[in-house]
Amino acid sequence: MIQSLFTPFLFQSAAQAITPILLAAVAGVICGRAGVFNLALEGQMLVGAFAAIVGSYFGHSAFAGVAAAMVSATVFSLILGYGATIFRGDPVVIGIGMNLLASGLTAYLLRVIFGVSGTFSDPGVVGLGRITIAGLAGVPLLGWAFARQSAVTWAAWALTALISVVQFRTPVGLRLRGVGEQPEAASTLGIDVVRYRIVAVLVAGALTGLAGAQLSLGAVSVFAEDMSAGRGWIAVVAVMLGRNNPLYAAAACVLFGFADAIGVNLQSHGLPNQLTDMAPYVVTLLALVITHRRRIIGAA
Amino acid sequence: MSRFSGTLLLGRERLRVRAVALAVGFAALAGAALILASGYDPLSAYAEIARGSLSLAALPDTLNWATPLVGMALAAAIPLRGGMVNLGGDGQLVIGGLIGALAPLFLPGAGAFGAAAGLILAGFGGGLYAALAAWGEVRHGVPMLISSLLLSYPAIGVTSYFARFPLRDVSTGLPQTLMVPSDARLHVLSGPLNVGSVLIATIALVVVFADRRTSGGYELRMRGKNARFAGYGGVRLGRQAVWTMSCSGAIAGLVGAIIVLGSQFRFIDGALVTPAYTWSGLMAALLANGEPVGTIAAALFFAALQTGGFAMQRETSVPRVLTLVLQAIVILFLAMRRGLGRRM
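Rendered as structure tokens:
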């Protein structure tokens with residue numbers, strides 16, 4: 001059974017499952033570095049997923065869908081951007097409120113725009129094309145994972161690398177970290193703390209929008225109510241485990257993505273999906289317990 | 301921070317009431333804009349919400365809808381009072397619901413005993429599950445905010461599995477357990493109302509009393525204002541977190557059993573999670589900052605809003621999920637307002 005699990009297909013579906021979590025986690029890392037706790041990743045992703053379907057349906061192209069997703073999620077994240085800074089709201093309360101607003105608003109617009117409830121799919125929705133790299137398919141592991149993936153999956157990894165570099169190797173990144181770690185010190189050096197935070201939240205919004213587009217246009221072109229299904233929360237955990245480092249967070253995302261893919265794979269071995277769907281959440285919880293326990297022992 | 305602290309409405313609390321009224325007004329305006337933009341008439345939509353929830357004929361339905369909502373609002377308010385958040389209400393709710401449905405079926409002894417056993421065990425089940433999240437934070441440092449939510453998914457998955465496979469009522473094609481025998485159902489008072497509503501009202505009174513008149517309630521409020529101060533003052537924070545979450549989860553579990561034994565008579569997969577009682581309850585608790593009387597009032601308000609939403613959808617075809625949008629806007633606006641108030 002173990003051998004029949006680790007197939008090229010597993011790696012392909014894992015890479016696909018990792019993409020939205022990774023994008024959301026990198027978004028969370030940016031906010032965390034700027035000193036804003038972003039709990040709204042789940043809602044932002046959902047807004048992105050819905051906007052992607054709307055954009056693709058009315059714009060007749062996947063690109064229009066992706067653009068609509070990024071713009072909508074960015075606009076939506078203005079609530080956190082301004083709410084947690086200028087209006088001095090509690091980011092936890094704002095995050096919970098935004099997640100519920102996203103859930104209600106997308107369900108409402110689903111009924112008003114498309115006249116359906118539950119799920120929406122239509123031949124008019126153009127999904128993300130897959131980039132097939134023939135040479136990769138034969139390479140074990142990494143090749144299996146990336147031989148046939150959407151441009152968003154490639155973008156997710158490229159953005160992770162890019163943001164890693166920006167954060168640790170550029171003046172902008174240094175200032176961003178300063179804003180998060182020592183806002184008063186950053187402020188005395190002439191850095192506009194509020195503006196840095198708002199921009200960080202908005203960039204994160206665009207990334208979660210991209211995550212949403214992968215969710216609704218990536219594998220099958222469909223929108224379902226609450227389809228983000230906890231992925232935003234898993235991303236929040238990845239940010240915690242990665243301690244605001246994009247590369248460590250990405251490692252956590254790989255773990256959760258494989259848990260997801262293995263769960264889906266087990267369904268074809270006859271396990272009911274109600275049980276296999278739990279896999280990523282259980283692995284996430286276990287990862288939290290293991291890493292935090294080590295930290296406590298280390299401190300003692 | 302404006303919090304209700306005693307029985308009297310002091311200056312700062314009056315400010316809070318004004319902020320809530322402002323937030324509700326703002327949400328109504330934003331909602332009207334949304335209704336207008338989607339091509340409907342906002343005034344007739346709001347009129348239907350009011351008529352469909354507060355008219356004499358609709359009032360029992362509103363109270364029936366309020367029963368689980370007030371329960372879940374209290375479940376959310378108790379930890380919030382101490383500065384903690386229980387996001388795992390859905391998991392505790394389904395555990396309670398499944399236990400409530402199974403106890404009368406599988407425990408020896410019939411009738412009212414089955415119902416009582418179901419309610420009590422459901423409270424224990426929900427309480428234990430919620431305590432798990434608190435224990436994880438106290439002993440392992442796993443943040444409860446995240447773990448309570450993540451724990452919901454396995455609970456929903458496992459109960460769904462039970463309702464679909466080993467315990468499914470095979471005489472129907474639906475994912476649901478066997479019917480609870482009729483003598484183990486909650487006693488009907490009148491119309492849609494049953495003993496469950498009385499039970500929740502009693503719990504509400506107990507919570508208000510505990511909050512205002514017991515040392516436990518005082519210590520919890522103290523923790524909410526300043527946890528470290530409470531710790532220095534001799535409150536054992538770890539033990540308090542576990543007990544607070546247990547009480548919260550027990551109420552959530554009880555609500556699950558009340559829905560099952562009072563109106564659905566079996567555990568139906570998804571039926572406890574879909575109406576989003578947990579989230580509406582959490583929003584009601586956030587609205588009142590965890591203060592019990594305010595939380596109950598907010599939950600009744602949201603129950604009226606949602607019950608009226610059915611009439612609105614029927615009469616004006618504005619989707620009733622709009623009410624969820626309105627609730628979320630109230631909370632978001634209030635979160636900002638509070639900040640504005642603090643700055644001035």
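In order, the protein sequences belong to chains A and B. Reading the first sequence from the start, the letters are residues 1 to 300 in the working numbering. Reading the second sequence from the start, the letters are residues 301 to 644 in the working numbering. C-beta: ideal position from N, C-alpha, C; glycine also.
*Could you tell me if A:Ile297 is buried or exposed, where buried requires 16 or more neighbouring beta carbons within 10 angstroms of its beta carbon?*
Note that A:Ile297 has pLDDT 47, beneath the 50 cutoff, so the model's placement of it is unreliable and the number below is only indicative. Classification for A:Ile297: exposed.
_Just to confirm my understanding: we take A:Arg332, look at its own chain, exclude 5 residues before and 5 after, and list those with CB closer than 8 Å. What are they?_
No answer is possible for residue 332 of chain A: it lies beyond the span of chain A, which begins at 1 and ends at 300.
*Could you check how far apart the C-beta atoms of A:Arg231 and A:Ile53 are, in whole angstroms? I think they sit under 8 Å.*
A:Arg231 to A:Ile53, Cβ: 17 Å. No contact.
*asked:* Any contact between the stretch 390-399 of chain B and the stretch 544-562 of chain B? By contact I mean 3 or more CB pairs, one from each, below 8 Å.
replied: yes
_8 Å Cβ cutoff, A:Ile133 in contact with chain B_ = no
*Closest Cβ-Cβ distance between B:Met636 and chain A: below 8 Å?*
yes
_Could you check whether B:Ala415 and B:Gly359 sit closer than 8 Å to each other, using their CB atoms as the reference points?_
As written in the sequence, residue 359 of chain B is Leu, which differs from the Gly given in the question. Against a cut-off of 8 Å, the Cβ pair of B:Ala415 and B:Leu359 comes out as no contact.
*How many whole angstroms separate the CB atoms of A:Val36 and A:Arg197, which I take to be in contact at a CB cut-off of 8 Å?*
5 Å
*Would DSSP call A:Thr106 helix, strand or coil?*
helix
*Report the residue from B:Gln613, B:Pro408, B:Ser580, B:Val630 whose alpha carbon sits nearest the alpha carbon of B:Met372.*
B:Ser580
*Would you say B:Ala434 and B:Ala510 are within 8 Å of each other, going by their C-beta atoms?*
no
*So, A:Cys301 versus A:Ala204, is the Cβ gap smaller than 8 Å?*
Past the edges of chain A, shown from 1 to 300, lies residue 301 of chain A, and the structure says nothing about it.
*Does any residue of chain B bring its CB to less than 8 Å from the CB of A:Pro272?*
yes
_Count Cβ pairs between the stretch 100-111 of chain A and the stretch 613-629 of chain B that sit closer than 8 Å; are there 3 or more?_
Counting Cβ pairs under 8 Å, three or more are found: they touch.
_So with CB distances below 9 Å, who are the chain D contacts of B:Gly426?_
The chain labelled as chain D is not found among the protein chains of the depicted structure, namely A and B.
_Would you say the beta carbon of B:Val506 is closer than 7 Å to some non-hydrogen atom of the ligand SAH?_
Questions concerning the ligand SAH fall outside what the structure shown contains, since it holds no ligand whatsoever.
_Does the CB of B:Met583 have a neighbour CB from chain A at under 8 Å?_
yes
*Have a look at B:Tyr340, B:Val621, B:Glu437, B:Met479 and flag the residue whose alpha-carbon is nearest the alpha-carbon of B:Met384.*
A check of alpha carbon separations from B:Met384 across B:Tyr340, B:Val621, B:Glu437, B:Met479 identifies B:Glu437 as the nearest.
_If you follow the alpha helix (DSSP H) that B:Thr616 is in, where does it begin and where does it stop?_
592-616
*By Cβ distance below 6 Å, which residues in the same chain neighbour A:Gly81 in space, the five residues on each side in sequence not counted?*
Ile198, Val201, Leu202
_Alpha-carbon to alpha-carbon, A:Val283 and B:Ser452_ = Distance from the CA of B:Ser452 to the CA of A:Val283, rounded to the nearest whole angstrom, comes to 14 Å.
*Are the CB atoms of B:Ala599 and B:Val370 nearer to each other than 8 Å?*
Yes. Within cutoff.
*asked:* Tell me the DSSP secondary structure of A:Arg177 in three-state form.
replied: helix
*Is the CB of B:Ser338 under 8 Å away from at least one CB in chain A?*
yes
_Cutoff 8 Å; reference A:Gln12; Cβ partners in own chain excluding five residues on either side_ = Trp144, Ala145, Ala147, Arg148, Gln149
*Pull up the CB-CB distance for A:Ala287 and A:Leu241, whole angstroms please, since I reckon it's below 8 Å.*
6 Å
*Look at the alpha carbon of A:Arg195 and the alpha carbon of A:Ala68, and state the distance between them as a whole number of angstroms.*
Distance between the alpha carbons of A:Arg195 and A:Ala68: 24 Å.
*asked:* Quick check: B:Gly400 and B:Leu374, are their CB atoms within less than 8 Å of each other?
replied: no
*Minimum C-alpha distance to B:Val320 - residue among B:Arg536, B:Gly423, B:Ile558, B:Ala597*: B:Ala597
*Using the rule of at least 16 other Cβ atoms within 10 Å of the residue's Cβ for burial, across every protein chain shown, is A:Gln267 buried or exposed?*
exposed
*Curious, which full-length beta strand (DSSP E) runs of at least 3 residues does the stretch 119-153 of chain A contain?*
130-132, 148-150
*asked:* Strictly below 8 Å CB to CB, what residues from chain B border A:Arg111?
replied: Pro619, Val621
*List the residues of chain A whose Cβ lies closer than 7 Å to the Cβ of B:Tyr297, in chain order.*
This structure does not reach residue 297 of chain B, given that chain B is present from 301 up to 644, and the question cannot be answered.
*What's the C-alpha gap between A:Phe9 and A:Ile262?*
10 Å
*Are the C-beta atoms of A:Leu105 and some chain B residue less than 8 Å apart?*
yes
*For A:Leu266, which three-state DSSP category applies?*
Helix.
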